[in-house]
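As structure tokens, the structure follows; a few thoughts come after it.
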């Protein structure tokens, strides 16, 4: 097993197995917030403000929520609103708040064999990818991006077959790298693409469809269900992230001069 993968598994095991304490906050979040560099930028500000040490478990949204459902983390930062609402409705989380948004984009090789460049409908672009028998790399990891991608295939009633559809079971950075190597298409959040653009040689081909809106929410794990979670620390994070300092930190984050996340309007 590659050394980096061993280290990642070890870090995940230590994070989720550590018992909650007042000085530590266990955050389960998406690979996009990690791969884009956002967390590296904003978490030191929160730690300095709160005195807490944040342990980050970066996985797909589905896996992050499973950690929350098991009481293995204190707070979630994810992007799949229907699943977030279900998580709260079933009593696993409380005090969900809007945090920020960006959007999804369809990227692919410059030669663009399916000829989708400039299309305004993501569903129409996906249909053309199927018709062209072009290669598509899927996250395949139950992440928010994976769920959104599957919704597009469901809307057209089909998806690429056989070797034209590669389900990676990996994070967004790895999928972009794979798509770049294969000259394939993929769906990505704009932030991770911005961080990887210079490495993967893929162009944005489809953007701007309202169906590609990508909001993020923060949710504290329910202390009535899991009394051992660090609920006080979770709410410190929720308040900071959606307050003035957190919103400024999100808005100030740039990759190559481009703003990749936009704070949600405060209620």
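Numbering (the working numbering), first residue to last: -13 to 253.
Where a beta carbon is used, it is the ideal one built from N, C-alpha and C, also for glycine.
Asked, Found
"Taking 8 Å as the threshold (C-beta atoms), are residue 111 and residue 192 in contact?", "yes"
"Decide if the region 78 to 85 is in contact with the region 199 to 213; the criterion is three or more beta carbon pairs, one per stretch, under 8 Å apart.", "yes"
"Given 8 Å as the limit, is there contact between the region 116 to 127 and the region 171 to 185, that is, 3 or more CB pairs closer than that?", "yes"
"Can the beta-carbon of residue 104 be found less than 8 Å from the beta-carbon of residue 215?", "no"
"Leaving out five residues on either side along the sequence, give the residues of the same chain with a beta carbon under 7 Å from the beta carbon of residue 19.", "25, 63"
"Have a look at residue 184 and residue 211 and give me their C-alpha separation to the nearest angstrom.", "45 Å"
"Excluding the five sequence neighbours on either side, which residues of its own chain have a C-beta within less than 8 Å of the C-beta of residue 180, listed in chain order?", "22, 241, 242, 244, 246"
"How should residue 60 be labelled, buried or exposed, when 16 other C-beta atoms within 10 angstroms of its C-beta is the threshold for buried?", "buried"
"Residues in the same chain with beta-carbon distance under 7 Å from residue 195, minus the five sequence neighbours each way, listed in chain order, please.", "106, 107, 108"
"Helix, strand or coil: which one does DSSP assign to residue -9?", "Model confidence at residue -9 stands at a pLDDT of 45, short of 50, so the residue's coordinates are unreliable and nothing is read from them."
"Would you say residue 182 and residue 168 are within 8 Å of each other, going by their C-beta atoms?", "no"
"Go through its chain and collect everything with a Cβ distance to residue 166's Cβ below 6 Å, but skip five positions before and after it.", "186, 187, 188"
"Would you kindly work out how many angstroms separate the C-alpha atoms of residue 153 and residue 97, rounded to a whole number?", "22 Å"
"Between which two residues does the beta strand (DSSP E) carrying residue 201 extend?", "199 to 207"
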